[in-house]
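To keep things clear, I will list the structure first and then write my remarks on it.
Numbering (our numbering), first residue to last: 1242 to 1309.
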């Protein structure tokens, strides 16, 4: 049985790299869940999920949960 080594890197709150790392991560993840309009809107450290129906919003939210 192989043992996996995990690398754990912590960025402390207030670190100047935090916003940049968040943007890089969200850009990579959002490529897997992007859709046509209505769209997902990313603002700083917030995400807005839009759709015409409540069921569509739930589906999109679930997609984001799985991707993250």
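Yeah, the Cβ is synthetic: ideal placement off N, Cα and C, and Gly gets one too. Bear in mind that the values here come from a model prediction, so they are computed numbers and not experimental data.
- The continuous beta strand (DSSP E) containing residue 1287 extends over residues 1287 to 1290.
- In this structure the segment 1289 to 1304 does not touch the segment 1253 to 1268; the number of beta carbon pairs closer than 8 Å is below three.
- By a beta-carbon distance limit of 8 Å, residue 1308 contacts residue 1270. Their separation comes to about 5 Å.
- For residue 1301, the enclosing alpha helix (DSSP H) starts and ends at 1295 to 1308.
- The C-beta of residue 1275 has fewer than 16 other C-beta atoms within 10 Å across all chains shown, which makes the residue exposed.
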